[in-house]
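Only one structure is covered here, and it is reproduced in the block below.
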Amino acid sequence: MTTTIVLQQAINGVVLGSLYVLVALGLTLIYGVLVQINFAHADFVTLGAFAAYFFMHLVGGGYILSIGVAFAVGAALGWLINASIFTPLRRKGNELLPLIATIGVSVMMQNLMLAWFGPIPYAFETQYSSEVLRFAGIFVSWQSIIIIAVSSLTIALLYAFMKFTFLGKALRAVSQDRETAGLMGINPNQLIMLTFVIASALAGMGGAMLAPVLVLTPFAGTSVIVKAFAIVIIGGFGNVEGTILAGLIVGLIESYTTQYLDPGLIDIVVFALLLLMLAIKPTGLISERREENV
Amino acid sequence: MSDPALAQQMPGQRAALRSRWLGYLLAVIAIILLPLIFTDTYWRTNLTVCAINVLLAIGLDFILGYTGQLNLGHSAFYGLGAYVSTLLIVKLGIPFWLAFVAGVGFAGIAGIFLSLFAVRLRGHYLAIASLGFAVIVHQILLNWISLTQGPLGIYGIAPPPALVIAGTVIADFRNLAAFFYLVAGFAFLSYILLSQLVRSPIGETLTAIREDEVSAASLGINGAAWKVFAFGVGSAVAGAAGCFYASFVGTLVPDAFFVSEAFNILAMVIVGGMGTLIGPVFGAILLTVLPEVLRGLGDLRLVVYGAALTFVVLFMPGGLAQAARVVREKLGLRRSA
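These protein sequence lines are chains A and B, in that order. The opening residue of the first sequence carries number 249 in this note's numbering; numbering runs sequentially from there. The opening residue of the second sequence carries number 187 in this note's numbering; numbering runs sequentially from there.
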């Protein structure tokens, strides 16, 4: 009986963890290339969730297609906000200002959504939530299977893109050393835009899949993003493999804390782990060598 | 006085000193007059909220603007000051001012603790560590229900006891104007203290650390110790703001100290002009009053607030302090030196 519970929670943890990975990967990519923390990332998650919701309820589209819509909406908005706000700011060359701008953009987006969608939580249900597979006493909903399939496929594609394509290599080059990459003929501005669009699209997509789990209000993304920040640090800022590992760990911590301790303790456990990591190994689970210029 | 350069410098310094005292005098007059001009409950309440936010903003600016430590968890120290002082009063019956000192001390020690831990972390790591600290404090307040009553909150917190000298009531803090004088007076004294600290050799040491910690270390400055010191002072000031907040509002719920509050305080510092103490004072006032003035816009008011914040960062990166400097130079009020 207990092994069933342990296994059941392991599956729940992996489902949740793979969604956290999608959100955290965007943050870590942006950090890697821009050395910038993006607080507006949370709102791309929320917006993706709403885009999927309205695509299903107003247009009458299917759930799987709505994940694609959320991906596209995230990408489009990521492009718009980067082009209109963050690119002009970066030219000023101060590292704190873009951070504050992301807070400003976040306040703006949250309250625009509040004005449009209202504060009452939306019930996001799909036909896959109630269809359950059962084997050896363990329940897995089709929803969970879709989440694991879509997110692992996306993560694998992203990983292959980063490792094997020219653009992906250029992206990693820029995140290792922007100036030298520029000398090699790589245009950092185009890559920054690409990173931003990819990151926002992943967040939108993550939102569409997180929506059934979350209480869908204009502020839904905030609870996710706080964990995503913890994941990014635990995994090592800017490190893709570390982020994937840390995301799954945090998902598992969440499901086991809910089972054996108390759901209210989730954030405390996650952030205690974060502070512990910072105390013992601030470079993260998988550390990359990064030179610091003095 | 044989050195001509020095001789030239002296009158300039004297003028600076004179204008500083003039500034203090104007501030005192403004503090006295404000509750006499705004007599309705609504604006008098906002005045006190302004004063509390000024305390928060100058405390954070001391940490951020003078030692460059990116603290994203200022709401934690605010909340610790509020809860520690209130719990001491409500649960143990400790007199207000003793609980106040305890709340301030606790917040300061928590700041020192976090800073000691984070001092070897740089930039964004400290940012996330302090954010994480704020999340943990908020979650503890929310979940330690036997102590804090969690989301239900603590109600009916009494204002500070009336100031009585020789049997005469000097100030009864149930009166909104009296409460404003108390908080604004405290904020004013904190401002003077911090600005004296900033002008002293300690302030120069802090600036040296902010600008280039490695070079400062080569001059024998222990950067870590001074950063911890600044963090402690800034958090203690936030703790004081928390004590005042609790006794002013009379109700404490954990969500008042959610991380978004830390972002609000940070916005006040940035909009005002980081690294100047006077800027964040006006940043705090502006960002407290602005959402109130925009109330007529309903749901859109915070959209405008967010847009204004982004706009300031885009077009006025030095904040109000920079804008004031530009205006003064345009008007030719500033000597070309």
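Beta carbons are placed, not taken as given, at the ideal position from N, Cα and C, and that holds for glycine.
In this structure, the CA atom of Ala456(A) is about 48 Å from the CA atom of Tyr377(B). Just measuring C-alpha positions, the residue of Arg487(B), Gly504(B), Arg481(B) sitting nearest Tyr228(B) is Arg481(B). Put simply, the CB of Thr496(B) is near chain A, with a gap under 8 Å to one of its CB atoms. Neighbourhood of Leu452(B) in chain A, by CB distance below 8 Å: Ile348, Ile351, in chain order. Ala493(B) and Val353(A) have their alpha carbons spaced roughly 7 Å apart. Across the set Ile407(B), Val414(B), Ile218(B), Val369(B), the C-alpha of Ile407(B) shows the shortest separation from the C-alpha of Pro387(B). With respect to the 8 Å criterion, Gly428(B) and Gly265(B) are classified as neighbours on the basis of their beta carbons.
With contacts defined as CB atoms closer than 8 Å, Thr428(A) and Leu277(A) fail to qualify as a contacting pair. Taken through DSSP and simplified to helix, strand or coil, Phe372(A) comes out as coil. Judged by their CB atoms, Val269(A) and Leu458(A) are not nearer to each other than the 8 Å cut-off.
Cα atoms of Ala370(B) and Ala213(B): separation of roughly 10 Å, rounded to the nearest angstrom. Shown here, Thr391(B) sits in a helix according to DSSP, grouped into three states. In the structure shown, the three-state DSSP call for Ile215(B) is helix. Within chain B, Leu500 have C-beta atoms less than 7 Å from the C-beta of Pro336(A), given in sequence order. In chain order, Leu256, Leu258 place their CB closer than 6 Å to the CB of Ala313(B), counting only its own chain and leaving out the 5 sequence neighbours on each side.
Just measuring C-alpha positions, the residue of Ile253(A), Leu419(A), Leu267(A) sitting nearest Gly452(A) is Leu267(A). With fewer than 16 neighbouring CB atoms inside 10 Å of its own CB, Arg385(B) falls in the exposed class. Assignment of alpha helix (DSSP H) within the stretch 380-444 of chain A, counting only whole runs of 4 or more residues, yields 390-412, 414-424, 426-431 in chain order. Taking C-beta separations shorter than 7 Å and ignoring five residues to either side along the sequence, the partners of Asp358(B) in its chain run Ala348, Ala364, following chain order. Residue burial annotation: His305(A) is exposed, with fewer than 16 other C-beta atoms found within 10 angstroms of its C-beta.
In the three-state scheme derived from DSSP, where H, G and I count as helix and E and B as strand, Val350(B) is classed as strand. Contact check for Gly490(A) against Gly499(A) fails: the beta carbons are separated by 8 Å or more.
In the DSSP assignment, Thr496(B) falls within the alpha helix (DSSP H) that extends over 487-501. Annotation for Phe303(A): no alpha helix (DSSP H) segment contains it, and DSSP assigns it neither H nor E. For the 8 Å CB-CB criterion, Gly409(B) and Ala416(B) do not form a contact. When Cβ-Cβ separations below 8 Å define contact, Ile407(B) makes no contact with chain A.
Taking CB atoms only, Ile456(B) has a neighbour in chain A less than 8 Å away.
Distances from the alpha-carbon of Leu513(A) to those of Ala494(A), Lys529(A), Thr252(A), Lys475(A) put Lys475(A) closest. Shown here, Val439(B) sits in coil according to DSSP, grouped into three states, outside any helix or strand.
Counting C-beta atoms within 10 angstroms of its own C-beta, Gly505(B) has 16 or more neighbours from the protein chains shown and is therefore classed as buried. Shown here, Val423(B) sits in a helix according to DSSP, grouped into three states.
Not flagged as an interface residue toward chain A: Gly482(B), since no C-beta distance is shorter than 8 Å. The alpha-carbon separation between Gly294(B) and Ala288(B) amounts to approximately 10 Å.
Shown here for Leu300(B): same chain residues with a beta carbon closer than 6 Å to its own, the five before and five after excluded, namely Phe319 in chain order.
The alpha-carbon separation between Val380(A) and Ile393(A) amounts to approximately 10 Å. Assigned with DSSP and collapsed to three states, Ile340(B) falls in strand.
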